[in-house]
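All remarks here apply to the structure that follows.
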Amino acid sequence: MTAIDAPDEGPPHRGRILVKLLGAILLCGLLLAGIMVPIVGGIGVAAKSVAAEFLDVACDVTPAPTQQTTTILASDGKTVIASLFDQNRHDVPLSAVPQIIRQALLSTEDRRFYDHHGVDLRGMVRAAVHNATEGGAQGGSTLTMQLVKQERAYRARTPAAQQAAFSQDLHRKLKDAKCALQLEKRFSKAAILNEYLNVAFFGENSYGIETAARTYFNKPAARLTVPEGALLIGLVRSPTAYDPFLHPQAARERRSEVLANMIATGDLTREQAVTYATQPIRLATRTPPPVRQGCASTPPDVVNVGFFCDYVVSWLQSHGISAGTLRTGGLRIVTTLDAAAQTRGQRAIWRAGLHAGSPTALVMPAVDPRTGAVRTMISSRRYGVNTKNGESVLPLFTAGYAGAGSTYKFFTTLAALKLGARPNFTLKSGSDSYTVRNCPVDEQTHRRYKTHNAGNYAATLPLKDALPQSVNTYFVALEDQFFGCDLRPIVQTALDLGMSTLNRPQSADSPLSIAKAVIEQHQPGFTLGFSPTSALELTSAYGTVANDGVFCPANPIVRVTGPDGDAVPHSKPRCRRAIDQQVARTMVKMMTADTKDAKGTASSYFQDWYDAGGSPVAAKTGTDNDAEDGPRHGKGNSALWFVGVTPRLTSAAALVNPVSPKATVTGLPAKVTNNGSDVFGAYASTFWLKAYAPLLRAQPWRWRDPTDIPGATTVPDVTGRTRARATETLSHAGFRVTVAAIRCGSPRPAGQVGYYQPHLASKGTRITVCLSNGIAPDGYYGSYPTYPTYPTYPTYPTHPNPHPQPTQRPSDSPSAPTQQPSAPRTKPGNGRGRSH
Numbered sequence: 003m004t005a006i007d008a009p010d011e012g013p014p015h016r017g018r019i020l021v022k023l024l025g026a027i028l029l030c031g032l033l034l035a036g037i038m039v040p041i042v043g044g045i046g047v048a049a050k051s052v053a054a055e056f057l058d059v060a061c062d063v064t065p066a067p068t069q070q071t072t073t074i075l076a077s078d079g080k081t082v083i084a085s086l087f088d089q090n091r092h093d094v095p096l097s098a099v100p101q102i103i104r105q106a107l108l109s110t111e112d113r114r115f116y117d118h119h120g121v122d123l124r125g126m127v128r129a130a131v132h133n134a135t136e137g138g139a140q141g142g143s144t145l146t147m148q149l150v151k152q153e154r155a156y157r158a159r160t161p162a163a164q165q166a167a168f169s170q171d172l173h174r175k176l177k178d179a180k181c182a183l184q185l186e187k188r189f190s191k192a193a194i195l196n197e198y199l200n201v202a203f204f205g206e207n208s209y210g211i212e213t214a215a216r217t218y219f220n221k222p223a224a225r226l227t228v229p230e231g232a233l234l235i236g237l238v239r240s241p242t243a244y245d246p247f248l249h250p251q252a253a254r255e256r257r258s259e260v261l262a263n264m265i266a267t268g269d270l271t272r273e274q275a276v277t278y279a280t281q282p283i284r285l286a287t288r289t290p291p292p293v294r295q296g297c298a299s300t301p302p303d304v305v306n307v308g309f310f311c312d313y314v315v316s317w318l319q320s321h322g323i324s325a326g327t328l329r330t331g332g333l334r335i336v337t338t339l340d341a342a343a344q345t346r347g348q349r350a351i352w353r354a355g356l357h358a359g360s361p362t363a364l365v366m367p368a369v370d371p372r373t374g375a376v377r378t379m380i381s382s383r384r385y386g387v388n389t390k391n392g393e394s395v396l397p398l399f400t401a402g403y404a405g406a407g408s409t410y411k412f413f414t415t416l417a418a419l420k421l422g423a424r425p426n427f428t429l430k431s432g433s434d435s436y437t438v439r440n441c442p443v444d445e446q447t448h449r450r451y452k453t454h455n456a457g458n459y460a461a462t463l464p465l466k467d468a469l470p471q472s473v474n475t476y477f478v479a480l481e482d483q484f485f486g487c488d489l490r491p492i493v494q495t496a497l498d499l500g501m502s503t504l505n506r507p508q509s510a511d512s513p514l515s516i517a518k519a520v521i522e523q524h525q526p527g528f529t530l531g532f533s534p535t536s537a538l539e540l541t542s543a544y545g546t547v548a549n550d551g552v553f554c555p556a557n558p559i560v561r562v563t564g565p566d567g568d569a570v571p572h573s574k575p576r577c578r579r580a581i582d583q584q585v586a587r588t589m590v591k592m593m594t595a596d597t598k599d600a601k602g603t604a605s606s607y608f609q610d611w612y613d614a615g616g617s618p619v620a621a622k623t624g625t626d627n628d629a630e631d632g633p634r635h636g637k638g639n640s641a642l643w644f645v646g647v648t649p650r651l652t653s654a655a656a657l658v659n660p661v662s663p664k665a666t667v668t669g670l671p672a673k674v675t676n677n678g679s680d681v682f683g684a685y686a687s688t689f690w691l692k693a694y695a696p697l698l699r700a701q702p703w704r705w706r707d708p709t710d711i712p713g714a715t716t717v718p719d720v721t722g723r724t725r726a727r728a729t730e731t732l733s734h735a736g737f738r739v740t741v742a743a744i745r746c747g748s749p750r751p752a753g754q755v756g757y758y759q760p761h762l763a764s765k766g767t768r769i770t771v772c773l774s775n776g777i778a779p780d781g782y783y784g785s786y787p788t789y790p791t792y793p794t795y796p797t798y799p800t801h802p803n804p805h806p807q808p809t810q811r812p813s814d815s816p817s818a819p820t821q822q823p824s825a826p827r828t829k830p831g832n833g834r835g836r837s838h
């Protein structure tokens, strides 16, 4: 039986009525005296006291924008990644709430809303008499007074202040009354009604009518039916007691009360109300929907997107939007995430057998090199706080915690090309080991740095072969003989491409950053990649060569708008040219040999890709060794890296233990033996291909040739000329000139031009010349007037075992221990040589 047709239960006891009525009259008299202010004598001491207090009391509520829910969306602008809020609320205009729902509210909470000015004296007396004579709990507060109470409670900063906002003492009621009168002077009735509907709490973490409609019925407020609206309006009095999920019968009875109120105000006929009251309550879900707030509560349809969400929040805070604004500002954040690629790639790597609980985790971000847009953040770890279940909330993608091995040969090669070295720059570096000549003797051991290779290599190699084969001795020799062990150009190249982790202190007790330590201490091991590295930074750095030499910092944001649709200001990094076009294209050409050339470190893993007609992937692998004090004293591997580069997607895949980055690699789907020394960087390409191959197959590409620069002309060959003569020649030809800060190893007499670049450029381009130091590199064959022809590779060797045998392993696998200082000054560049 509902409130609409419930029988009369009979009058209450007369004695109790009399007592309640006297008390109600006394309370109303005091409130009326305070509100009206005594204008005649003889009201009495109590009334005068209340009147004086009303005159003195100050309104402590200042209308302010309500807290709104911020929504983070994928790049399509529709797929929700996460919601951030302190109060789950989405404001809507009054026009978005059906008129019949507004009538339900007013008939239940304030029937004389349009007749009073914030305080309803008649309503207060009526409520007091009704409660005394009929029973019940009518409060007499107007909708405006209720709004004041809720506004005060929501803005309270302590639990005590929140409790005080809802207290029933006379002082609080006087404050509510005075504030209500002031609000009604400043705002229209429509504005107050709209504010109330957006501020009111409806239970189940739902603030405002719009959020409540979506929580209970999974629809916007504009589509609410009369029974649905009546149920929501009924929740305002006591959201917990009438919660339809927890107390369906109480909720139904309360709904009937609201419908009965609408009969009394003429908004419904009795027949309509009875029809609505008999309808069952149809909620969107059988149980209360989960409270999805923050990056730990991302929706399941975008798999493991919590890491990206966390990155977005951190990125925005560091670029001008405060944490408070993110939680309460009602922002609409459209990100760069490709939700489909994220989900597809994430599922693929889990299907490949790399489980969340494995000690070794995959960390694999992807960036569009044309814009810096972060497209995916895929990891074998799940985002969450349960570390025993393979979860993590560590900044796995942005923090630098593991060495990236021979991926750092990328920076050494780029720096050499920028100074004028060409792909066929040939060095004799030894097939097994190399000891530096120009780098200073170690101050502690009085020995020179020495590194080793892991396999059999030609003692003399050109740069274009040394890079895909990842020959340790060649690159240490390049630092030593070409750069003269002045590592500034190499380190600066890495910094220019966003490798900011190099600015971290090299140790807790050192005033030097990693970058400064490498330069000042002449650490040739830098090219072997022992420096802590961020997977996202490395991805963006490599993307520069895919973007024709323009570096675009990683960026997860498409746009940020406020509740009004206006753009929210925040700083945004800009793309900038960091490398000449010809250098970038040359680098890409050399890097494709890593996956296509039979001797490339990743070629065996890409055989199926190319057999199926895949476009050329530029790449570099890297392997870091395990801890020196490990079970085999540093003879195994820890971090395995692969960086794949395409015109639209660049991604670094790192396999590393995030908690113990120097721990020996374990827990991989591949069979790992011999302390992990049988797996190296190229193995990480397994997961790169599984995650991205379907996407990349749909986007075939061709790389641009380094000898085909639109509008470019041949730069005059100034090799062997003096600085003045070279400057004159280049200036006369229409180019600008920069002289390198270092002198390069060259057979030319000291002070003459040893190298220059670019060799093809448009007029007005700045040409870099590097003057010779007068010391010819070993095996140097002289200058090369033309770029080499890059062969195609129609066939590939068959590898029965996907992992090359240790004796045939390229040098991106672990090498033999090096003869190195027993107590190196720093971890970065310690010369152990097993970095590829």
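Just so you know, we're using the numbering used here here: the sequence shown kicks off at 3 and counts up by one.
We treat Cβ as the ideally placed atom computed from N, Cα and C, and that holds for glycine.
* Short check: CB of residue 839 to CB of residue 474, under 8 Å? -> Because the chain here runs from 3 to 838, residue 839 falls outside it and cannot be looked at.
* Asked: residue 358 and residue 377: beta carbons closer than 8 Å?
  -> Translated into positions along the sequence shown, residue 358 becomes position 356. Translated into positions along the sequence shown, residue 377 becomes position 375. Taking 8 Å as the Cβ cut-off, residue 358 and residue 377 do not qualify as a contacting pair.
* **Sequence-distant residues of the same chain with beta carbon closer than 7 Å to residue 896, five excluded per side** => No answer is possible for residue 896: the residues shown for the chain start at 3 and end at 838.
* **Completely contained alpha helix (DSSP H) runs for the stretch 578–655, where each covers 4 or more residues** => 583–598 and 609–613
* residue 414 and residue 492 look like a contact to me (Cβ under 8 Å); what is the Cβ gap, rounded to whole Å? -> Taking the sequence shown and counting its residues from 1, the one referred to as residue 414 is at position 412. Taking the sequence shown and counting its residues from 1, the one referred to as residue 492 is at position 490. Residue 414 to residue 492, Cβ: 5 Å. Contact.
* Reference residue 294; option with closest CA among 247, 86, 123 and 244 -> Walking along the sequence shown from the start, residue 294 turns up at place 292. Looking at the Cα atoms, 86 is the closest of the given residues.
* Excluding sequence positions up to five away, which residues of its chain have a Cβ less than 7 Å from the Cβ of residue 573? -> The residue you call residue 573 lines up with position 571 of the sequence shown. Counting only Cβ-Cβ distances below 7 Å, and skipping sequence neighbours, we find 321 and 322.
* Could you please give the first and the last residue of the uninterrupted alpha helix (DSSP H) stretch that includes residue 411? => The sequence position of residue 411 within the sequence shown is 409, counting from 1. First-last of the alpha helix (DSSP H) with residue 411: 411–421.
* To do: Please report how far the alpha carbon of residue 73 lies from the alpha carbon of residue 318, in whole angstroms.
  => Here the question's residue 73 lines up with position 71 in the sequence shown. Here the question's residue 318 lines up with position 316 in the sequence shown. So the two alpha carbons sit approximately 13 Å from each other.
* Asked: In or out: residue 503 buried (at least 16 other Cβ within 10 Å) or exposed?
  -> Position 501 of the sequence shown, counting from 1, holds the residue named residue 503. With 16 or more Cβ atoms within 10 Å of its Cβ, residue 503 is classed as buried.
* **DSSP bridge partner residues for residue 772 (one or two, in chain order)** => Translated into positions along the sequence shown, residue 772 becomes position 770. Residue 772 is bridged to 757.
* What residues are listed by DSSP as bridge partners for residue 435? -> Here residue 435 refers to the residue found at position 433 of the sequence shown. Looking at the DSSP assignment, residue 435 forms a beta bridge with 454.
* **Three-state class that DSSP yields for residue 385 in the structure shown** => The residue given as residue 385 occupies position 383 in the sequence shown. Residue state, collapsed to three classes: strand.
* Asked: Going by beta carbon distance, what residues of the same chain come within less than 7 Å of residue 517, once the five residues before and after it are set aside?
  -> To locate residue 517, count along the sequence shown from 1; it is residue 515. The residues are 493, 497, 504 and 505.
* Asked: Which whole-angstrom value describes the C-beta separation of residue 92 and residue 213, a residue pair presumed to lie in contact below a C-beta threshold of 8 Å?
  -> Reading the sequence shown from its first residue, position 90 is the one you call residue 92. Reading the sequence shown from its first residue, position 211 is the one you call residue 213. Yes, they are in contact, since the Cβ atoms of residue 92 and residue 213 sit about 6 Å apart, within 8 Å.
* Given that a residue counts as buried once 16 or more other Cβ atoms are within 10 Å of its Cβ, and exposed if not, what is residue 703? -> Locating residue 703 in the sequence shown gives position 701, where the first residue counts as 1. Exposed, because fewer than 16 other Cβ atoms sit within 10 Å of the Cβ of residue 703.
* **Own chain, CB closer than 6 Å to residue 79, minus 5 neighbours either side, in chain order** => Along the sequence shown, one-based indexing puts residue 79 at 77. Excluding residues within five positions, the ones whose Cβ falls inside 6 Å are 336.
* To do: Please name the residue, chosen from 197, 160, 515 and 328, that lies closest to residue 146 on a Cα-to-Cα basis.
  => On the sequence shown, position 144 is the one that residue 146 refers to. Of the listed residues, the one whose Cα sits closest to residue 146 is 197.
* **With 16 other Cβ atoms within 10 Å as the buried cut-off, status of residue 187** => The count along the sequence shown starts at 1 and reaches residue 187 at position 185. When all chains shown are included, residue 187 counts as exposed.
* **CB of residue 245 within 8 Å of CB of residue 210, strictly** => Looking up residue 245 in the sequence shown gives position 243. Looking up residue 210 in the sequence shown gives position 208. Not a contact, by the Cβ cut-off of 8 Å.
* Compare the C-alpha of residue 527 against each of 478, 89, 272 and 757 and name the closest. => Here the question's residue 527 lines up with position 525 in the sequence shown. Residue 527 has its Cα closest to that of 478, out of 478, 89, 272 and 757.
* Asked: Would DSSP call residue 336 helix, strand or coil?
  -> The residue you call residue 336 lines up with position 334 of the sequence shown. Of the three classes helix, strand and coil, the one that applies to residue 336 here is strand, per DSSP.
* DSSP on residue 470, reduced to helix/strand/coil? -> Within the sequence shown, numbered from 1, the residue matching residue 470 stands at position 468. Here residue 470 sits in helix by DSSP.
* Could you say if the stretch 345–360 and the stretch 277–286 meet the contact criterion of at least three C-beta pairs nearer than 8 Å? => no
* Compute the Euclidean distance between the alpha carbons of residue 434 and residue 462, then round it to the nearest angstrom. => Here residue 434 is taken as the residue at index 432 of the sequence shown, counted from 1. Here residue 462 is taken as the residue at index 460 of the sequence shown, counted from 1. Answer to the nearest angstrom: the Cα atoms are 11 Å apart.
* **Straight-line gap, residue 112 to residue 219 (C-alpha atoms, nearest Å)** => Taking the first residue of the sequence shown as position 1, residue 112 is located at position 110. Taking the first residue of the sequence shown as position 1, residue 219 is located at position 217. Whole-angstrom Cα-Cα distance: 25 Å.
* To do: Over the uninterrupted alpha helix (DSSP H) stretch that includes residue 233, give me the two end residues.
  => Taking the sequence shown and counting its residues from 1, one reaches residue 233 at position 231. Run containing residue 233: 228–237, per the alpha helix (DSSP H) assignment.
* Determine contact between the stretch 716–733 and the stretch 756–765, defined as no fewer than three beta-carbon pairs at a distance below 8 Å. => yes
* If you draw a straight line from the C-alpha of residue 780 to the C-alpha of residue 483, how long is it? -> Here residue 780 corresponds to residue number 778 of the sequence shown, with the count starting at 1. Here residue 483 corresponds to residue number 481 of the sequence shown, with the count starting at 1. Going by the C-alpha atoms only, they are around 8 Å apart.
* To do: Out of 207, 276, 192 and 189, point me to the one whose CA is closest to residue 232's CA.
  => Within the sequence shown, residue 232 is the residue found at index 230, counting from 1. The shortest C-alpha separation from residue 232 is found at 276.
* Since residue 562 and residue 570 are thought to touch, with beta carbons under 8 Å apart, how far apart are those beta carbons, to the nearest angstrom? -> Working through the sequence shown from its first residue, we reach residue 562 at position 560. Working through the sequence shown from its first residue, we reach residue 570 at position 568. Confirmed, Cβ separation roughly 4 Å.
* Asked: Is residue 446 buried or exposed, if buried means 16 or more other CB atoms sit within 10 Å of its CB?
  -> The residue given as residue 446 occupies position 444 in the sequence shown. Exposed is the call here.
* To do: Evaluate the contact criterion for the stretch 585–592 versus the stretch 448–461: three or more CB pairs, one atom per stretch, below 8 Å.
  => no
* Asked: Between 489, 448, 418 and 509, which lies nearest to residue 772 when the distance is taken from Cα to Cα?
  -> As a first step, residue 772 is located in the sequence shown; it is residue number 770 there, counting from the start. Checked all of 489, 448, 418 and 509; the closest Cα to residue 772 is 418.
* Asked: Straight-line CA distance for residue 551 to residue 524?
  -> Start at 1 with the first residue of the sequence shown, and residue 551 comes out as number 549. Start at 1 with the first residue of the sequence shown, and residue 524 comes out as number 522. Cα to Cα, residue 551 sits roughly 28 Å from residue 524.
* **Segment contact flag, the stretch 681–689 with the stretch 639–646, C-beta cutoff 8 Å, min 3 pairs** => yes
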